[in-house]
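Q:
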Amino acid sequence: MPFSAEDLVANPKFIDAIRFHAGRMRGMFDAGPRVARLLASQQRWLLTQTAYALAMERDPADSTSGFTAVRLTREITSRKVASRNTVLSFIDELFTYRFIAYEPGAERRRPRQFEPAEISHQAMFGWLLSNLGGLDLLDGGSRVAHVEARPELIRILQPRIARNCLQDPRWREPAEHVALFLWNDAGGLIVDHFVSRIDPTGDDTERLVIGHVDSRALAADFLISRTHLQRLLAKAAQQGCLGWEAGAKRPVLWISRSFLEQYSQWQAIKFAYVDEAFHWATQ
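Using the working numbering, read the sequence shown as starting at 10 and increasing by one per residue.
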């Protein structure tokens, strides 16, 4: 029986699953910053997941199926995730960095069909295993081992997860404090970094200490401007999501328990869809 979002939020070990996933996403970024940034903000996450899902659903016998500019634009704009121009710019970026290529023979055909490059397949497979690994931590399951033994399952798992997330306004439109980060460039990476560093067993019930954060180094790590990062952190501090307190030698950053709870509730929606898709595909 798959976990529901409510089951996950109520599970005291769910924070361990989130921290595991956050750490894996940071590792993915370190290994390949450009491809990892495709999942670094909510808009780009939805664009990337939807594009990949369309590609996985490609039926050679159906010329209207698959990943085309028209189909991705329709899926994204119908839910007001991004404008047509943003979608087309996103596709151009994917093509420029060779994350996608034309389907063989599609260069002069209309509509042009795109297919993911090998690096994109690897990144999406890593993302899927990271989520499954977090779920395995909760119940000692073998989801990761099962999918590693049958990697072709991603072709039916990922589209189901992506479509459920895209269609669910609870995931598509994060709550206010989470949205503050997720609708910013690299905001997802920043939250993942902070969550991976917290100690959820600390004595303070309202604040979770992250430790010292060098904004200059962090901005350089995530390929964003220091000014942009400082502005984002200042706005989050104004809303009570995080703050600084005096440390032994230098200030340390903390995030609020309420922010972590809101983030956990949002992540639970996606993790539940991952688990539902796994059980559906393997039953």
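All C-beta atoms, glycine included, are put in the ideal place defined by N, C-alpha and C. All of these numbers come straight from a predicted model, not from anything done at the bench.
In angstroms, rounded to a whole number, what distance separates the CA positions of Gln131 and Ala255?
A: Translated into positions along the sequence shown, residue 131 becomes position 122. Translated into positions along the sequence shown, residue 255 becomes position 246. Going from the Cα of Gln131 to the Cα of Ala255 covers about 42 Å.
Q: Could you name the residues of the same chain whose beta carbon sits closer than 8 Å to that of Glu157, not counting the 5 residues immediately before and after it, in chain order?
A: By 1-based counting over the sequence shown, the position of residue 157 is 148. The answer, listed in chain order, is Leu138.
Q: Closest to Arg93 by C-alpha separation, out of Leu56, Ala31, Arg33, Trp192, would be which residue?
A: Stepping through the sequence shown from its first residue, residue 93 is reached at position 84. Ranking Leu56, Ala31, Arg33, Trp192 by Cα distance to Arg93 puts Leu56 first.
Q: Taking all protein chains shown into account, do 16 or more other C-beta atoms lie within 10 angstroms of the C-beta of Met37, making it buried, or fewer, making it exposed?
A: Sequence index remark: in the sequence shown, residue 37 carries index 28 (1-based). Classification of Met37: buried, given that the 10 Å Cβ count is 16 or more.
Q: Give the straight-line distance between the Cα atoms of Ala286 and Asn173, rounded to the nearest whole angstrom.
A: As a position in the sequence shown, residue 286 is number 277, starting the count at 1. As a position in the sequence shown, residue 173 is number 164, starting the count at 1. Their backbone Cα atoms lie some 9 Å apart in a straight line.
Q: For Arg206 and Phe108, what's the separation of their Cα atoms in angstroms?
A: Residue mapping note: residue 206 aligns to position 197 of the sequence shown, counting from 1. Residue mapping note: residue 108 aligns to position 99 of the sequence shown, counting from 1. Their backbone Cα atoms lie some 30 Å apart in a straight line.
Q: Quick one: which unbroken alpha helix (DSSP H) runs of 4-plus residues sit fully inside the region 22 to 54? Chain order, please.
A: Entirely contained in the region 22 to 54, the alpha helix (DSSP H) runs reaching 4 residues are, in chain order, 23 to 40, 42 to 45.
Q: Could you check the C-alpha separation between Pro260 and Gln167 for me, to the nearest Å?
A: Taking the sequence shown and counting its residues from 1, one reaches residue 260 at position 251. Taking the sequence shown and counting its residues from 1, one reaches residue 167 at position 158. Taking the straight line joining both Cα atoms gives about 42 Å.
Q: Would you mind sorting His288 into buried or exposed? The rule is 16 or more other CB atoms within 10 Å of its CB.
A: Residue 288 sits at position 279 when you count from the first residue of the sequence shown. By the 10 Å Cβ count, His288 comes out exposed.
Q: If you pair each beta-carbon of the region 74 to 89 with each one of the region 214 to 234, do three or more pairs fall below 8 Å?
A: The region 74 to 89 is not in contact with the region 214 to 234.
Q: What separation, rounded to the nearest whole angstrom, lies between the Cα atoms of Leu269 and Leu103?
A: The sequence position of residue 269 within the sequence shown is 260, counting from 1. The sequence position of residue 103 within the sequence shown is 94, counting from 1. So the alpha carbons of these two residues sit roughly 32 Å apart.
Q: Just confirm the distance between the C-beta atoms of Asp28 and Val187, as a whole number of angstroms; I'd bet it's less than 8 Å.
A: Residue mapping note: residue 28 aligns to position 19 of the sequence shown, counting from 1. Residue mapping note: residue 187 aligns to position 178 of the sequence shown, counting from 1. Going by the sequence as given, residue 28 is Arg instead of Asp. Actually they are not in contact, since the Cβ atoms of Arg28 and Val187 sit about 16 Å apart, beyond 8 Å.
Q: State the start and end residues of the unbroken alpha helix (DSSP H) segment that holds Leu251.
A: Numbered from 1 along the sequence shown, position 242 holds the residue referred to as residue 251. Looking at the DSSP string, Leu251 is not in any alpha helix (DSSP H); the run it does join, the beta strand (DSSP E), is 251 to 254.
Q: Buried or exposed: where does Tyr202 fall if 16 or more other Cβ atoms within 10 Å of its Cβ makes it buried?
A: Numbered from its first residue, the sequence shown carries residue 202 at position 193. A quick correction: the sequence has His, not Tyr, at residue 202. His202 should be labelled buried.
Q: Take the Cβ of Gly65 as the centre, count every other Cβ of all protein chains shown within 10 Å, and call the residue buried at 16 or more, exposed below.
A: By 1-based counting over the sequence shown, the position of residue 65 is 56. The question names Gly, yet the displayed sequence has Met at residue 65. The residue in question, Met65, is buried, as its Cβ has 16 or more Cβ neighbours within 10 Å.
Q: Relative to the C-alpha of Leu17, which candidate in Gln292, Ala246, Tyr282 has its C-alpha closest?
A: One-based indexing of the sequence shown puts residue 17 at position 8. Checked all of Gln292, Ala246, Tyr282; the closest Cα to Leu17 is Tyr282.
Q: Taking the Cβ atom as the reference point for each residue, do Ile219 and Trp263 lie within a distance shorter than 9 Å?
A: Here residue 219 refers to the residue found at position 210 when the sequence shown is read from its first residue. Here residue 263 refers to the residue found at position 254 when the sequence shown is read from its first residue. Result yes, Cβ atoms of Ile219 and Trp263 sit closer than 9 Å.
Q: With DSSP collapsed to three states, give me the class of Phe12.
A: Start at 1 with the first residue of the sequence shown, and residue 12 comes out as number 3. Looking at Phe12 - three-state DSSP - the assignment turns out to be coil, as it is neither helix nor strand.
Q: Rounding to the nearest angstrom, what Cα-Cα distance links Arg35 and Gln176 in this structure?
A: Start at 1 with the first residue of the sequence shown, and residue 35 comes out as number 26. Start at 1 with the first residue of the sequence shown, and residue 176 comes out as number 167. If I take the Cα positions, the gap works out to 27 Å.
Q: With DSSP run on the structure shown, which of helix, strand or coil describes Phe76?
A: Residue numbering aside, residue 76 sits at position 67 when the sequence shown is read from its first letter. Strand.
Q: Do Ser265 and Leu217 have their C-beta atoms within less than 9 Å of each other?
A: Within the sequence shown, the letter at position 256 stands for residue 265. Within the sequence shown, the letter at position 208 stands for residue 217. Closer than 9 Å, so yes.
Q: Could you round the C-beta distance between Tyr61 and Pro120 to whole angstroms and report it? I think they count as a contact, below 8 Å.
A: To locate residue 61, count along the sequence shown from 1; it is residue 52. To locate residue 120, count along the sequence shown from 1; it is residue 111. 18 Å between Cβ atoms; not a contact.
Q: From what residue to what residue does the beta strand (DSSP E) around Leu217 run?
A: Position 208 of the sequence shown, counting from 1, holds the residue named residue 217. From DSSP, the beta strand (DSSP E) with Leu217 extends over 216 to 220.
Q: With DSSP as the reference, please indicate the residues paired to Tyr111 in a beta bridge.
A: Indexing the sequence shown from 1 puts residue 111 at position 102. Answer is Phe123, bridged to Tyr111.
Q: Whole angstroms is fine: what's the gap from Val90's alpha carbon to Ala229's?
A: By 1-based counting over the sequence shown, the position of residue 90 is 81. By 1-based counting over the sequence shown, the position of residue 229 is 220. Cα to Cα, the separation comes out at about 28 Å.
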